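In our numbering, the protein residues as written are 56 to 92.
Even for Gly, the Cβ is constructed at its ideal location relative to N, Cα and C.
Predicted, not measured: the structure shown is a model, and the values here were computed from it.
For reference, the structure discussed in these notes is given below.
What follows is the structure, encoded as structure tokens:
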């Protein structure tokens with residue numbers, strides 16, 4: 056049970072890291088993003 060929880064937490068942390076880098080990329084490329092829209 057404990058190992059399962061640890062794996063779940065690690066997966067969540069990976070997703071958070073990905074979404075954070077995605078948000079940073081969006082913010083950095085906001086001008087490009089706006090021109091595309």
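Whole-angstrom distance between residue j and residue i, CA atom to CA atom
i          : j          : result
residue 78 : residue 61 : 26 Å
residue 81 : residue 66 : 22 Å
residue 75 : residue 63 : 18 Å
residue 84 : residue 72 : 18 Å
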